[in-house]
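Read the structure below first, then the notes.
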Amino acid sequence: MTALPPGQYELAEFPRFGLPRYAGRRPGAARARLEIRGDVESPRSVDEELRALPRVKLVADLHCVTTWSFRSIAWGGVRFADFYQRVVVPVSRPRPGVDWVVFHCQDGYAPSLPLQDLLAPEVLLADTMNGGPIPIDHGAPLRLVAPAHYGYKSAKHLQAVELRRDRPAHRGVAHWLIDHPRARVALEERGRIFPGWLLRYAYRPLVRPTIRRFREASLRG
Ligand SMILES: Nc1nc2c(c(=O)[nH]1)N[C@H]1C(S)=C(S)[C@@H](COP(=O)(O)O)O[C@H]1N2
Ligand SMILES: [Mo]
């Protein structure tokens, strides 16, 4: 097995994780459908179109910015690039210059990434995990899988994609200091201004309490 990226350590179990304020928000699983909106000529809700795309499988590691990684998760779904080129472009017709995507989740979480990064072949809209439907804790009914980016970009419980001509000024995930526009794992882009290696030490003590917090929230249902 290949080495972990800089500053990461492996967890033996796959935790439910996020910013503590999202721990208590548990969207009910529903059929995967996606709203396309933003700088497009024709905002639409797609459902059948999503199901008609070719299905792919991908085994990938998840790297959380707080330094834990969970390895070899088997995802199934459709490529984001296929969704963009075969559904978004013909159906919703993005306006010229669209180069950012904001992912709106059922729990209010809303990370964003450059469109260019999302067109990489390993970026999926996933609806299965390890051979079954994605469990609610891990993002049902549909989640983004973007293995080259820290976990905070991989939107769970997806409900809408917003296309934009610029990076949103709003706080989509958290304070701007901890929301890097690209958050590439290989370059240790954990946040802004502070170098990634320094942020390791700030984040690491938060891992255990956050896992506990999310587990307790899940048990309460
Ligand atoms: N909707 C939503 N997506 C989310 C989060 C969240 O709280 N809500 N947390 C993010 C963070 S910080 C990480 S590390 C991964 C964790 O995925 P997991 O809960 O399947 O381990 O989900 C990301 N996507
Ligand atoms: Mo994370």
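For reference, each letter of the sequence shown is one residue, going 15 to 235 in my numbering.
Beta carbons: idealized from backbone N, C-alpha and C, even for Gly.
Between the C-alpha atoms of Leu213 and Lys170 there is a straight-line separation of about 24 Å.
Distance from the CA atom of Pro155 to the CA atom of Arg47, rounded to whole angstroms, is 9 Å.
Note: Thr142 is bridge-paired with Gly90 and Pro147 in the DSSP secondary-structure output.
In the three-state scheme derived from DSSP, where H, G and I count as helix and E and B as strand, Tyr36 is classed as helix. Comparing alpha carbon positions, the residue from Ala160, Arg69, Phe84 and Phe28 closest to Leu18 is Phe84. In the displayed model, Ala95 falls within a helix according to three-state DSSP. Each residue's CA atom was taken as its position, placing Pro161 and Phe97 some 17 Å apart.
If you measure from each CB to the nearest heavy atom of ligand 2, the residues under 7 Å come out as Phe31, Gly32, Cys78, Val79, Thr80, Tyr164, Gly165 and Tyr166. Cβ atoms of Val105 and Val60 come within 8 Å of each other, at about 7 Å.
Counting the other CB atoms within 10 Å of its CB gives Gly146 a total below 16, which places it among the exposed residues. Within its own chain, the residues whose Cβ lies closer than 8 Å to the Cβ of Ala174, once the five positions on either side in sequence are excluded, are Leu48, Glu49, Ile50, Arg51, Phe117 and His118, listed in chain order.
Counting only runs that start and end inside the segment 102-177, the beta strand (DSSP E) elements of at least 3 residues fall at 114-119, 126-128, 138-143 and 157-159. With contacts defined by Cβ atoms closer than 9 Å, Arg196 and His152 do not form a contacting pair.
Here the alpha carbon of His77 sits roughly 5 Å from the alpha carbon of Gly165.
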